[in-house]
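Pasting the structure below:
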């Protein structure tokens, strides 16, 4: 069962269907879920075919800046997210919710999946909402969608 508590979604990855549904809950019709090539070990061909943006702008201010161009790529569908991305990605990973045709600094949300989070003194896997562009939008718009998945 998913637990939402203070910008942290606990046990969101009990299975790949649920994890994909939680991640897709952040998307409106014009949004996409982007992953940066610098973190993940997907095949270069997969990254190349799905690259939607290249940028040297660094938005993860809690991580060292790699000082290079980063290709941001997106799964083409929720099913593809489950098949290719979530089969390869294991927490920790970062992703960004971004409206199409916007720059990376115009993100709506920065998300961080972390496998050694603490919730009520127990270790768990959690999805943390690290940043939201519009204050309060996660609680108002996204949390109810995620709660309905449980």
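Residue numbers (full-length UniProt numbering): 1 to 150.
All C-beta atoms, glycine included, are put in the ideal place defined by N, C-alpha and C.
By the beta-carbon neighbour count (other beta carbons within 10 angstroms, threshold 16), residue 57 is exposed. If you draw a straight line from the Cα of residue 82 to the Cα of residue 67, it is about 30 angstroms long.
Within the model, the alpha-carbon separation for residue 31 versus residue 131 is close to 16 angstroms. Sequence-distant partners of residue 76 (beyond 5 residues in either direction) whose C-beta falls short of 8 angstroms from its own C-beta, in its chain, are 50. Taking the Cβ atoms as the reference, residue 104 lies roughly 7 angstroms from residue 96, within the contact range of under 8 angstroms. Taking 9 angstroms as the cut-off, the beta carbon of residue 110 is found no closer than this to the beta carbon of residue 9.
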